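First comes the structure, then the notes that go with it.
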Amino acid sequence: MPASIGVNLRVTGHCSQGGRKYMEDLFSVAYQQTEDERDLEYAFFGIYDGHGGSEAAAFAKEHLMDSIVKQRQFWSDNDEDVLKAIRNGYMLTHLNMWKELEKWPKTVTGLPSTAGTTASIAFIRRGKIYIGHVGDSAIVLGYQKDGCEEWAAKPLTSDHKPESTTEIERIQRCGGKVVSKAGVPRVVWNRPRLGHKGPIKKNTPMDEIPFLAVARSLGDLWSYNPQNDEFIVSPDPDVGVLTIDPSKFRCLIFGTDGLWNMISPEGAVSLVQATERHNEAALVGGNGNQPRDWLNPSKSLVDHALERWSNTRMRADNTSVVTLMLDPPGPPRATVLRSRSSAQRPQQPAAPAAPAARPDPPPGAVPQNGLTIMTRYSDAERAAAPASAPATPTARADSARDESEVHSTTTEPPPPSACAGAPAPAAPARPRALRSRNDTAEPVRSVRDQGACKRTRCGDDGGGGASKTARLAPERCARALGKRATGPWAPALALRNRLRRRLAK
Numbered sequence: 001m002p003a004s005i006g007v008n009l010r011v012t013g014h015c016s017q018g019g020r021k022y023m024e025d026l027f028s029v030a031y032q033q034t035e036d037e038r039d040l041e042y043a044f045f046g047i048y049d050g051h052g053g054s055e056a057a058a059f060a061k062e063h064l065m066d067s068i069v070k071q072r073q074f075w076s077d078n079d080e081d082v083l084k085a086i087r088n089g090y091m092l093t094h095l096n097m098w099k100e101l102e103k104w105p106k107t108v109t110g111l112p113s114t115a116g117t118t119a120s121i122a123f124i125r126r127g128k129i130y131i132g133h134v135g136d137s138a139i140v141l142g143y144q145k146d147g148c149e150e151w152a153a154k155p156l157t158s159d160h161k162p163e164s165t166t167e168i169e170r171i172q173r174c175g176g177k178v179v180s181k182a183g184v185p186r187v188v189w190n191r192p193r194l195g196h197k198g199p200i201k202k203n204t205p206m207d208e209i210p211f212l213a214v215a216r217s218l219g220d221l222w223s224y225n226p227q228n229d230e231f232i233v234s235p236d237p238d239v240g241v242l243t244i245d246p247s248k249f250r251c252l253i254f255g256t257d258g259l260w261n262m263i264s265p266e267g268a269v270s271l272v273q274a275t276e277r278h279n280e281a282a283l284v285g286g287n288g289n290q291p292r293d294w295l296n297p298s299k300s301l302v303d304h305a306l307e308r309w310s311n312t313r314m315r316a317d318n319t320s321v322v323t324l325m326l327d328p329p330g331p332p333r334a335t336v337l338r339s340r341s342s343a344q345r346p347q348q349p350a351a352p353a354a355p356a357a358r359p360d361p362p363p364g365a366v367p368q369n370g371l372t373i374m375t376r377y378s379d380a381e382r383a384a385a386p387a388s389a390p391a392t393p394t395a396r397a398d399s400a401r402d403e404s405e406v407h408s409t410t411t412e413p414p415p416p417s418a419c420a421g422a423p424a425p426a427a428p429a430r431p432r433a434l435r436s437r438n439d440t441a442e443p444v445r446s447v448r449d450q451g452a453c454k455r456t457r458c459g460d461d462g463g464g465g466a467s468k469t470a471r472l473a474p475e476r477c478a479r480a481l482g483k484r485a486t487g488p489w490a491p492a493l494a495l496r497n498r499l500r501r502r503l504a505k
C-alpha cells in the first residue's frame, strides 16, 4: 500500500496558563514526509497535562513519538502491530523517566519528584487515526451526520479517573487505595513518614496521602509498588484505531481538562464549526488574501473556556487545545472555496497581464492562511503537478534532533531554491529522516513571508525502512518577533537570504 495519510489536514493550537502559578500543559505537532516528498508517512498530534511539575510532560513531549516510531511494528500494515507499538512506546517512555528522576526537582520535603503527565496522542497514517491515551485529557471527533448540516461529537477517549469502577479494581489489585479528599476521589500515596532516612523497607512507617485525581499517567514514579512490581498509577494506555471517512469526518479536538471541565464535547465541536463558517465566509468575501478577522478555532475554544472559568469565580486551570481540521483529499480547502466563489461571480473585464508568478509548490505540507496545510493529491493530480527543483539542503552534524523553536504550527513557504530559475545545489549523499514539530506551549501566532529550508537529520530512520525526508521550518520566531536570528539556524537563514537577493536580480 502506498504511503499516504489519506486526508488533507489543517492544524492550530493554543495554550493559556489560566490562573495557576505554573504552566504545566504542553502540546506537540509533527509530521514526516515520504522519501519522494510527495506525501506524508504520518502526522502526529499530542497533548500533555503535567502535574507535580512540568518535567514529565516535557519528557513525554520530547520522547513519546520517537519511542513509538522507532519500533518496526509501527511501520506494519497490520493495525494490531501499530497499536502494540504505541503501547510499547508509552511503557518505554515511562520507564525511561527513571533515568531522569534524579535530575528533576525534589519535593519540599526532599523526596524524589512526583511529576507526572497525561498523554493523549493521535497518528494520522494511511487513512486511519491511531489513538493512544492515559489520563484525563481527551480527544473528540467532530463529524457530520447524513442529511444534517450541524456537526456531531464523538469522544475517542475515556478519562482515567480514580472513581471509575474499572480503575478502582485495578488499583486495588496493584496494592493501592482510593480515598476521597474534599469530595474528589484520589489515588493514595504511601509516603514515608516525615523524618524517615535510609532505604524504604516493609516495616518503614508510612503516611497515606490522598494524592492524585487521575488513575493513569506517564511518570508518577512514586506510585511504584515493589511488592508486586506494579505501578498503582498505571502507564498502560488505551489504544484504538479508526478509519477516516473524508465525507463525514470534519475535525479532531485535543484538549486538557481545563477545556473539558468547562465545555462539553458537543459544545466544543459546535464552536469549531462556527469558527469554520466564519473563516470560510471571510475568505470567500475577501480579496483572496488572509482575512484580517480570521479566527483560530483553538484560541476560540480556550477563550470560551476561560470565560466560563471566570463566570464560576474559580481559578482557571491550565487550558490547552489543538484543533485538527480534516478535509477531503485534493486541492486545499481554501482553493476549493475560492474556485466555487469565482465560478458564481459574474465575469469581470480582463485585467492587464500581471508579471509571471512563481509556480505552486509541489504537493506536501504547504502554508495556507496562517495554518499548517498537509495536502493529499490523487495519482492523476500528482502526475499533473509541476515538478520542482530540489530544495537547498542544510546539513547539521552537531545535533541529533531537528526542532524549530517557534510559537506557531504555521508551515513556511517553499525555499527559494524550489522556485523556477534558482540554482540547484547538490543533494546530500544520504538524506536522513526528518520531522517537523513545534517546540513550545505558547499560543499560535500566524507568521507570514518566511523562508523554509531543508536539513539532514542524524538519527534512526524509524524502523529500518528507507530513509525519509521532511520540510522543516527554520527559526521563524526570531523574525516574527523582531529579533535577530542566531544559533544553529543562522547559516541556513543567511543562505536563504542570499538566494532571495540573487533571484531578485
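Each residue of the sequence shown is one higher than the one before, counting from 1 in UniProt numbering. The C-beta atom is built at its ideal place from N, Cα and C for all residues, glycine as well. None of these values were measured; they are calculated from a predicted model.
For glycine 13, the enclosing beta strand (DSSP E) has its first and last residue at 8-16. The Cβ atoms of isoleucine 47 and phenylalanine 27 lie closer than 8 Å to each other. Separation of proline 329 and phenylalanine 74 (C-alpha to C-alpha, rounded to the nearest whole angstrom) is 24 Å. Residue pairing from DSSP places histidine 51 in a beta bridge opposite Gly116. Within 10 angstroms of the beta-carbon of glutamate 24 lie 16 or more other beta-carbons, which makes it buried.
Apart from sequence neighbours up to five positions away, the residues of its chain that approach aspartate 159 with a beta-carbon distance below 6 Å are Asp136, ordered along the chain. Here cysteine 174 is buried: its Cβ has 16 or more other Cβ atoms, across all protein chains shown, within 10 Å. A Cβ-Cβ contact shorter than 8 Å links leucine 295 with threonine 275. In this structure leucine 252 is not in contact with leucine 271, their Cβ atoms being roughly 14 Å apart against a cut-off of 8 Å.
Residue burial is scored here from C-beta neighbours: glutamate 208 has fewer than 16 other C-beta atoms within 10 angstroms and is therefore classed as exposed. A direct Cα-Cα distance of roughly 6 Å separates tyrosine 42 from isoleucine 124.
Assigned with DSSP and collapsed to three states, arginine 250 falls in strand. As a beta-bridge residue in DSSP terms, phenylalanine 231 pairs with Tyr224. The straight-line gap separating the alpha-carbon atoms of alanine 153 and phenylalanine 44 is approximately 21 Å. Here tyrosine 130 is bridged, per DSSP, to Phe123, Val241. In the DSSP assignment, alanine 281 falls within the alpha helix (DSSP H) that extends over 265-285. Comparing alpha-carbon positions, the option among Ser113, Ile244, Thr107, Asp303 lying closest to methionine 97 turns out to be Ser113.
Note on serine 180: under 16 other CB atoms within 10 angstroms of its CB, so exposed under the neighbour-count rule. Distances from the alpha-carbon of tryptophan 309 to those of Pro155, Leu337, Gly258 put Gly258 closest. If you compare the alpha carbons of Val29, Leu306, Ile121 with that of threonine 157, the shortest gap goes to Ile121. In the three-state scheme derived from DSSP, where H, G and I count as helix and E and B as strand, proline 185 is classed as strand. In the three-state reduction of the DSSP assignment, lysine 197 falls in the coil class, being assigned neither a helical nor a strand state. In this model, glutamate 62 and cysteine 15 are separated by some 18 Å (Cα to Cα). Between glycine 116 and glycine 52, the C-beta gap is smaller than 8 Å, which places the two residues in contact. Burial is judged here by how many other beta carbons sit within 10 angstroms of a residue's own beta carbon; lysine 299 has at least 16 and is buried. When C-alpha distances from arginine 250 are compared across Glu100, Gln144, Ser339, the shortest belongs to Gln144. Considering only Lys197, Pro235, Val184, Phe231, the residue with the shortest C-alpha distance to proline 210 is Val184. Per DSSP, reduced to three states, the secondary structure at alanine 58 is helical.
Nearest to serine 76 by C-alpha distance, out of Arg38, Arg126, Tyr31, is Arg126.
Counting every other CB atom within 10 Å of its CB across the protein chains shown gives arginine 277 a total below 16, marking it as exposed. Excluding sequence positions up to five before and after glutamate 230, its CB lies within less than 6 Å of the CB of Cys174, all in the same chain and listed in chain order.
Using a Cβ distance threshold of 8 Å, valine 7 and aspartate 327 count as a contacting pair. In the DSSP assignment, alanine 215 is bridged to no other residue.
Tryptophan 75 is not bridged by DSSP to any residue.
Within the model, the alpha-carbon separation for leucine 141 versus glutamate 150 is close to 13 Å. With contacts defined as CB atoms closer than 8 Å, alanine 119 and leucine 218 qualify as a contacting pair.
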